[in-house]
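Asks: I'd like to ask you about the structure that follows.
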Amino acid sequence: LLKYQRPQTADSDIPHCTKLRDEILAKANEAQAKLRDQLQHVPGQISITFDAWTSCSYDSYLTITA
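Each residue of the sequence shown is one higher than the last, beginning at 14 in the working numbering.
Structure (structure tokens):
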């Protein structure tokens, strides 16, 4: 599809799925570390809850409450 839309795209321009996975996980780990650091400096305690469900039309939802 990428090559159809842009024929000059070379195979080397398209990252491998494991490269994308590794980059996504690295960004998630950075965000988690940043959040953990921020929460260390919050006075008091924070309770976190979450819920996940699927609607009748098979839409997936996730909610996080702090």
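All residues carry an ideal CB built from backbone N, CA and C; glycine is no exception.
#1: With DSSP as the reference, label Asp-72 as helix, strand or coil.
#2: Starting from Thr-67 and walking both ways along the beta strand (DSSP E), at which residues does that stretch end?
#3: Are the beta-carbon atoms belonging to Thr-62 and Thr-78 less than 8 Å from one another?
#4: Quick one: what's got a C-beta closer than 7 Å to Ile-59's C-beta in the same chain, skipping five residues either side?
#5: Near Ala-39, what residues of its chain come up, given a Cβ to Cβ distance below 7 Å and the 5 sequence neighbours on each side ignored?
#6: Three-state secondary structure (DSSP) at Ile-27?
Replies: So, to answer that:
#1: coil
#2: It spans 62-67 - the beta strand (DSSP E) in which Thr-67 sits, taken as one unbroken run.
#3: yes
#4: Leu-52, Ala-79
#5: none
#6: coil
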